[in-house]
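Colleague:
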Amino acid sequence: MTSDTLLIKPSSGWVTLDLPALWEYRELLYFLTWRDIKVRYKQTALGVAWAVVQPLFLMVALSFFLGRLAKVPSDGSPYPVFVFSALLPWQLFAYALSQSSNSLVANDRLISKVYFPRLVIPVAAVLSGLIDFFIAFVLLFVLLFFYGIAPTTALWFLPIFVLFAMVTALAAGLWFSALNVRYRDVRYTIPFMTQGLLFISPVAYSSSLVPESWRWLYALNPMVGVIEGFRWALLGGSIRPGIELAVSASIVLILFIGGLFYFRRMERTFADVV
Amino acid sequence: MSEVAIRAAGLSKLYPIGERGSYDTLRDTLATLLNRSFRRFPHRKKMTAENRASSKCFRLHSDGQHAESIWALKDVSFEVKQGEVVGVIGRNGAGKSTLLKILSRITEPTSGWAEIHGRVGSLLEVGTGFHPELTGRENIYLNGAILGMKKTEIDRKFDEMVDFAEIEKFVDTPVKRYSSGMYMRLAFSVAAHLEPEILLVDEVLAVGDAAFQKKCLGKMGAVAREGRTVLFVSHNMTAILNLCSRSILIDRGRVLEYGATSAVVDNYLRSVYVSTGQSLGQRQDRVGNRRIEFTGFQLLTGEGQPMAHAISGQDALLRFEYSASEKTVLRNVHVAVGVHGRNDENLFHLSTDVSVADFATIPPDGSFVCRIPRLPLQPGHYSFNLFCKVSGEIADWVQNAGVIEVAAGDFFNSGKLPPSDQGSLLLSHSWNVLPCAQVTDLSEQAGSSENTGFHVG
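Written out as C-alpha cells, the structure is:
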C-alpha cells in the first residue's frame with residue numbers, strides 16, 4: 001500500500017517535467033486524440049473531404065495567380081506540386097497550432113474536474129492534426145504521379161520533417177495554451193499570427209529568393225526549415241537544407257523545452273484560473 | 275502506519291476574489307516576469323528560501339492591498355483510516371469541494387500537505403468529458419479513460435455499465451439524442467464502475483429520478499461495504515447518515531468537528547439554523563410588503579410554560595410574535611408554518627386557512643399561537659418557514675425562520691421510546707390480528723378495536 005503513497009503539497013521554484021507521468025496516461029492521450037478526430041467532421045456535409053478541399057483550393061489559387069500570372073520561380077518543379085508540397089506541412093502546422101493553443105480553454109471542464117498531466121491536452125490536439133495530413137498526403141501522391149515525378153530516396157527523411165512540423169506547432173502551442181488560460185487575447189492573436197507567418201514562410205515561393213547572406217535570419221522562422229526540408233525530401237531539388245535547417249531546429253528546440261517548463265510551471269494554477 | 279489512507283495536515287488554500295484578483299493585466303505580468311528573471315539568473319544558486327520568501331511576501335502583501343483574497347480552506351487537518359467511509363458536510367462555499375480538489379490534485383494547496391496511501395479516483399462531477407456528438411459506447415470509453423480507467427478495464431466492465439444505465443438499445447446513438455435522464459444515468463454508470471482504493475466523491479448522487487437515485491445510493495453503499503476508503507461530500511443528510519460512519523463538518527474553510535456521523539450531522543443542522551444568527555426580527559432576508567413582521571419565536575408547553583425543547587408525544591405550543599407597521603387593526607390575516615426535516619424535505623404544513631380559518635381581525639401587536647397536540651416528531655431539529663398574508667397580499671415570508679428542537683418522549687405511552695432511525699414522524703396507530711375467516715369484517719373490527727384489538731397509543 002505504501003508503495004502508492006502520494007504526497008500533496010504546494011510546489012515551489014523549478015519544476016520537473018515528469019515525463020513518466022505522461023507515459024502513464026498514454027491511453028488518455030490516445031482517447032483524447034481519437035475524440036478530436038472523431039468529432040472533427042461530425043455533422044458536416046463534405047465530411048473528411050474538407051481535409052482535401054482546403055489545400056486543393058489554395059493550391060489552385062496560388063498556382064494560377066502566383067505560378068501562372070506572376071511567374072514565381074519554383075526551383076524546377078511544376079508550380080502546383082511545388083506549392084502543394086509546402087501546403088501540407090503548413091496546414092499541419094497551422095491546424096495543430098490553433099488547436100493546441102485553444103486546447104486548454106476548450107477543455108476547461110476536464111481541467112477543473114479531473115486530475116491528469118495537463119500536457120496530454122495540447123499534445124492530443126497536435127496529434128489530431130495528423131489525420132488531415134495523411135488524407136491530403138494521398139492527394140499529393142496523385143499529383144506527383146500526374147506530373148510524372150518519382151520520389152527520391154530522400155523520401156525516407158519525410159517522417160522526420162513531419163515530426164519537425166508537429167514539434168514546432170507544439171512548441172508554440174505549449175506557450176500559447178498556457179497563456180490562453182490567463183489571457184484570452186491569445187485566441188485572437190493566433191489566426192492573425194498564422195496568416196502573417198504564411199507570408200514569411202516559403203510556401204508560395206522558394207527560399208532561394210532570399211539572398212544567401214540573409215538566409216540564417218530568415219530561418220529564425222522555424223517553418224522555413226520545416227518546409228524546405230519537406231520539399232527537399234519529396235522533390236529533391238537544388239536547395240539542400242543545411243544552415244537554415246540547423247537554425248530552425250535550434251529555435252524550435254529552445255522554444256519547445258522552454259515551453260515544456262513554462263507549461264509545467266503554469267499547470268498548477270490552470271484549474272483555478274481557467 | 276499503513277492503517278491511514280488519507281492524512282491531511284494544515285491544508286490551506288487562498289483564492290483571490292473579484293475581477294482584479296483573477297485577471298492581472300498582461301503588462302503587469304510581463305514586468306514582474308522580466309524583473310524576476312533578471313534577479314534570478316545571476317544568483318541562481320543563491321535563490322534560496324530567503325529570496326523566495328520575500329517574493330512570496332510581496333505577493334501576499336499586494337494581494338492584501340489590491341485584490342481581496344479568501345481562505346477557502348484554512349488549517350485543515352484530519353486522518354482517514356483505510357476502509358473508512360467519511361462524510362464531508364458543510365454549507366455551500368464552506369470549502370468542501372476545494373478540499374476534494376486538493377486531495378485529487380486538481381489544484382494545489384497554498385500551504386500544508388496531505389498524504390494519500392493508495393490509488394485515488396475522484397468523482398467531482400459525472401459525465402466529465404462527455405461529448406454530445408459521440409455515441410454512448412464511445413463516451414463510455416472516453417469518460418472511463420478520463421476518470422483513469424485502463425482500456426482493458428473498460429472492456430471488462432462495459433456490459434455491466436450499459437446494464438446499470440439501462441441504455442442497451444441506445445449504445446450506438448450519439449448522446450446528444452439522449453434524454454437528460456439517460457444521459458445522467460450513463461454518466462453515473464461509468465463513474466460508479468471506477469474501482470480505486472480511495473474514492474473521493476462530490477455530490478454526484480443528485481442526479482436522475484428518485485428511482486435512479488436510490489439505485490446510485492445502493493451502488494455507493496456497495497462500494498462502501500467492499501472495504502474501500504471513501505470521502506463523500508454531500509448535502510443529502512440521509513445519504514451521509516446511511517453511508518458514513520464518521521463525518522467532517524467544515525465551516526468557512528475550517529474543520530469544526532470530526533466524529534461520529536449522527537452527532538456531526540445533528541450539530542451541523544443546528545448550526546445551520548442558529549447561524550442565521552440574528553433574531554427573527556432583525557432578519558433582512560425576507561419577502562413581503564412588511565405590513566406584518568414576525569419578530570420572535572418561542573416554544574411553550576401545553577400549559578403555556580416556555581421550554582427549550584419540545585418533547586415527543588406531549589402537547590406543544592408554537593408562539594410567533596409579530597408586529598405590524600401600521601398601528602391599526604389588520605383584517606383577513608393568513609398565517610402558515612412549513613416544517614422541514616433533516617434533508618430539508620417538507621414534513622408538514624400548519625396553515626390557518628385549511629385547518630380552521632384565517633383570522634378576520636388581529637391587533638397590531640401580539641402573537642400567533644399554534645397548538646400541536648401530542649407532538650408527533652422524533653427527537654431532532656426541525657427548521658421551519660414562516661409565511662403571512664394580510665388581505666390577500668404577502669406581508670412577511672421568512673425561510674428557515676427558526677428551529678424546533680425536539681427531545682425524546684414516550685409518544686405511544688407504551689413505556690418505550692420509538693427507534694430514532696426510522697423516519698421523523700410518529701403516528702398514532704393500532705394493530706389487530708384476524709383469523710382467516712374474518713378478513714372481510716375488517717371495518718367492523720377496526721371500529722371496535724378499542725374493545726377487542728390490542729390498542730397502541
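Protein chains in written order, with the numbering used here: chain H, 1 to 274; chain P, 275 to 731. Positions of the beta carbon are idealized from the N, C-alpha and C atoms, including for glycine. Quantities reported herein were computed from a predicted structural model and do not represent experimental measurements.
Taking the alpha helix (DSSP H) that tyrosine 95 of chain H belongs to, which residues open and close that run?
Modeller: Position 95 of the first sequence holds residue 95 of chain H. Residues 79-106.
Colleague: Just checking: is the beta-carbon of valine 181 of chain H within a distance shorter than 7 Å of some beta-carbon in chain P?
Modeller: Taking the first sequence and counting its residues from 1, the one referred to as residue 181 of chain H is at position 181. Answer no: the Cβ-Cβ gap between valine 181 of chain H and chain P never drops below 7 Å.
Colleague: Can you pull the chain P neighbours of leucine 119 of chain H, defined as C-beta to C-beta under 8 Å?
Modeller: For the purposes of this step, residue 119 of chain H is taken as residue 119 along the first sequence, with counting starting at 1. Within 8 Å Cβ-Cβ: nothing; leucine 119 of chain H doesn't reach chain P, min ~14 Å.
Colleague: Quick check on DSSP: helix, strand or coil for leucine 260 of chain H?
Modeller: Taking the first residue of the first sequence as 1, we reach residue 260 of chain H at position 260. Note: leucine 260 of chain H maps to helix in three-state DSSP.
Colleague: Look at aspartate 639 of chain P and valine 607 of chain P and say whether their C-beta atoms are less than 7 Å apart.
Modeller: Residue numbering aside, residue 639 of chain P sits at position 365 when the second sequence is read from its first letter. Residue numbering aside, residue 607 of chain P sits at position 333 when the second sequence is read from its first letter. No, they are not a contact pair.
Colleague: Does any residue of chain P bring its CB to less than 7 Å from the CB of leucine 7 of chain H?
Modeller: As a working mapping, residue 7 of chain H is identified with position 7 in the first sequence. Yes, leucine 7 of chain H counts as interfacial toward chain P.
Colleague: Apart from the five residues on each side of it in sequence, which residues of its chain come closer than 6 Å, Cβ to Cβ, to valine 274 of chain H?
Modeller: Here residue 274 of chain H refers to the residue found at position 274 when the first sequence is read from its first residue. Within the same chain, valine 274 of chain H has close Cβ partners Asp108, Ile111 and Val181.
Colleague: Tell me, please, whether the CB atom of proline 383 of chain P is closer than 7 Å to any CB atom in chain H?
Modeller: Position 109 of the second sequence, counting from 1, holds the residue named residue 383 of chain P. At least one chain H Cβ lies under 7 Å of proline 383 of chain P.
Colleague: Given a cut-off of 7 Å on the beta-carbon distance, is the pair histidine 623 of chain P and glycine 615 of chain P in contact?
Modeller: Position 349 of the second sequence, counted from the start, is the residue given in the question as residue 623 of chain P. Position 341 of the second sequence, counted from the start, is the residue given in the question as residue 615 of chain P. No, the Cβ-Cβ distance between histidine 623 of chain P and glycine 615 of chain P is not below 7 Å.
Colleague: Excluding the 5 residues preceding and the 5 following serine 665 of chain P in the sequence, name in chain order all residues of the same chain whose CB lies nearer than 7 Å to its CB.
Modeller: Working through the second sequence from its first residue, we reach residue 665 of chain P at position 391. So the qualifying residues of the chain are Arg605 and Asn606.
Colleague: Classify arginine 565 of chain P: buried if its beta carbon has 16 or more other beta carbons within 10 angstroms, exposed otherwise.
Modeller: Translated into the one-based positions of the second sequence, residue 565 of chain P becomes position 291. Arginine 565 of chain P comes out buried.
Colleague: Any Cβ of chain P within less than 7 Å of the Cβ of tyrosine 115 of chain H?
Modeller: Numbered from 1 along the first sequence, position 115 holds the residue referred to as residue 115 of chain H. Chain P contact via Cβ: present.
Colleague: Quick one: what's got a C-beta closer than 7 Å to arginine 645 of chain P's C-beta in the same chain, skipping five residues either side?
Modeller: Taking the second sequence and counting its residues from 1, the one referred to as residue 645 of chain P is at position 371. Only Asp589 and Leu591 meet the Cβ criterion.
Colleague: Pull out every residue of the stretch 27-38 of chain H whose Cβ sits closer than 7 Å to any Cβ of chain P, in chain order.
Modeller: Taking 7 Å as the Cβ-Cβ cut-off against chain P, the residues of the stretch 27-38 of chain H that qualify are Glu27, Leu28, Phe31, Arg35 and Lys38.
Colleague: For a contact meaning CB atoms closer than 9 Å, what does proline 122 of chain H contact in chain P?
Modeller: As a first step, residue 122 of chain H must be located in the first sequence, where it is residue number 122. Those do not exist, as proline 122 of chain H stays about 16 Å from chain P at its closest Cβ, beyond 9 Å.
Colleague: If the criterion is Cβ atoms closer than 7 Å, does the pair alanine 360 of chain H and phenylalanine 93 of chain H meet it?
Modeller: This structure gives no information on residue 360 of chain H, because the portion of chain H shown stretches from 1 to 274.
Colleague: Which chain H residues sit within Cβ distance under 8 Å of tyrosine 415 of chain P?
Modeller: By 1-based counting over the second sequence, the position of residue 415 of chain P is 141. Ordered by position in chain H, the residues that pass the 8 Å Cβ test against tyrosine 415 of chain P are Phe31.
Colleague: When the Cα atoms are used, what is the spatial distance from lysine 601 of chain P to alanine 634 of chain P?
Modeller: Start at 1 with the first residue of the second sequence, and residue 601 of chain P comes out as number 327. Start at 1 with the first residue of the second sequence, and residue 634 of chain P comes out as number 360. Approximately 16 Å, taken between the alpha carbons.
Colleague: Say whether chain H places a C-beta atom closer than 7 Å to the C-beta of leucine 468 of chain P.
Modeller: Indexing the second sequence from 1 puts residue 468 of chain P at position 194. For leucine 468 of chain P, the answer is no, since every Cβ of chain H falls outside 7 Å of its Cβ.
Colleague: In whole angstroms, what separates the C-alpha of phenylalanine 65 of chain H from that of leucine 58 of chain H?
Modeller: Position 65 of the first sequence, counted from the first residue, corresponds to residue 65 of chain H. Position 58 of the first sequence, counted from the first residue, corresponds to residue 58 of chain H. Cα to Cα, phenylalanine 65 of chain H sits roughly 11 Å from leucine 58 of chain H.
Colleague: Who are the near neighbours of glutamine 43 of chain H in its chain, counting only those whose CB is closer than 8 Å to its CB and skipping five residues on each side?
Modeller: The residue given as residue 43 of chain H occupies position 43 in the first sequence. Within the same chain, glutamine 43 of chain H has no close Cβ partners at all.
Colleague: Which one or two residues does DSSP pair with isoleucine 566 of chain P in a beta bridge?
Modeller: Taking the first residue of the second sequence as position 1, residue 566 of chain P is located at position 292. Beta-bridge pairing links isoleucine 566 of chain P to P/Ala598.
Colleague: The beta strand (DSSP E) that contains aspartate 476 of chain P, what's its start and end?
Modeller: Taking the first residue of the second sequence as 1, we reach residue 476 of chain P at position 202. Aspartate 476 of chain P -> beta strand (DSSP E) spans 472-476.
Colleague: Note down, in chain order, every chain H residue with its Cβ under 7 Å from the Cβ of leucine 505 of chain P.
Modeller: As a working mapping, residue 505 of chain P is identified with position 231 in the second sequence. Going along chain H, no residue has its Cβ under 7 Å from leucine 505 of chain P, so there is no contact; the nearest lies around 13 Å.
Colleague: With 7 Å set as the bound, which would you pick, yes or no: does the beta-carbon of isoleucine 522 of chain P sit closer than that to a beta-carbon of chain H?
Modeller: By 1-based counting over the second sequence, the position of residue 522 of chain P is 248. Cβ-Cβ to chain H under 7 Å: no for isoleucine 522 of chain P.
Colleague: Since phenylalanine 289 of chain H contacts valine 210 of chain H with CB under 8 Å, what's their CB separation in whole angstroms?
Modeller: Chain H is shown from 1 up to 274; residue 289 of chain H falls before or after that span and cannot be answered.
Colleague: Is the Cβ-Cβ distance between leucine 347 of chain P and glycine 364 of chain P less than 7 Å?
Modeller: On the second sequence, residue 347 of chain P is found 73 positions in, with the first residue counted as 1. On the second sequence, residue 364 of chain P is found 90 positions in, with the first residue counted as 1. Not a contact, by the Cβ cut-off of 7 Å.
Colleague: Thinking just about the alpha-carbon of each residue, which of H/Phe256, H/Thr152 and H/Arg265 is nearest to the one in leucine 163 of chain H?
Modeller: Working through the first sequence from its first residue, we reach residue 163 of chain H at position 163. Here the closest residue by C-alpha is H/Phe256.
Colleague: Please list, in chain order, the residues of the stretch 387-418 of chain P that have any C-beta partner in chain H closer than 8 Å.
Modeller: Within the stretch 387-418 of chain P, the residues whose Cβ lies closer than 8 Å to some Cβ of chain H are Trp387, Ala388, Glu389, Ile390, His391, Gly392, Arg393, Val394, Ser396, Leu398, Glu399, Thr402, Gly403, His405, Glu407, Leu408, Glu412, Tyr415 and Leu416, listed in chain order.
Colleague: Whole angstroms are fine: how far does the CA of valine 539 of chain P sit from the CA of methionine 511 of chain P?
Modeller: Residue mapping note: residue 511 of chain P aligns to position 237 of the second sequence, counting from 1. Residue mapping note: residue 539 of chain P aligns to position 265 of the second sequence, counting from 1. Each residue's Cα considered, the two are about 7 Å apart.
Colleague: For a test of the three-state rule: what should DSSP assign to phenylalanine 642 of chain P, helix, strand or coil?
Modeller: Counting from 1 along the second sequence, the entry for residue 642 of chain P is found at position 368. DSSP places phenylalanine 642 of chain P in strand when its eight states are reduced to three.
Colleague: Give me the chain P residues within the contact set of serine 112 of chain H, using Cβ-Cβ distance strictly less than 7 Å, ordered along the chain.
Modeller: One-based indexing of the first sequence puts residue 112 of chain H at position 112. The answer, in chain order, is Ile380.
Colleague: Candidates P/Trp671, P/Tyr542 and P/Gly555: which alpha carbon is nearest tyrosine 656 of chain P's?
Modeller: The count along the second sequence starts at 1 and reaches residue 656 of chain P at position 382. Checking every option, the nearest Cα to that of tyrosine 656 of chain P belongs to P/Tyr542.
Colleague: Taking all protein chains shown into account, do 16 or more other C-beta atoms lie within 10 angstroms of the C-beta of arginine 184 of chain H, making it buried, or fewer, making it exposed?
Modeller: The residue you call residue 184 of chain H lines up with position 184 of the first sequence. Exposed, since its Cβ has fewer than 16 Cβ neighbours within 10 Å.
Colleague: Run through the DSSP bridge pairs and tell me what serine 702 of chain P is partnered with.
Modeller: Stepping through the second sequence from its first residue, residue 702 of chain P is reached at position 428. Serine 702 of chain P is not bridged to any residue.
Colleague: Closest by CA to isoleucine 200 of chain H, which one among H/Ala150, H/Trp90, H/Ala249 and H/Pro117?
Modeller: Locating residue 200 of chain H in the first sequence gives position 200, where the first residue counts as 1. Checked all of H/Ala150, H/Trp90, H/Ala249 and H/Pro117; the closest Cα to isoleucine 200 of chain H is H/Trp90.
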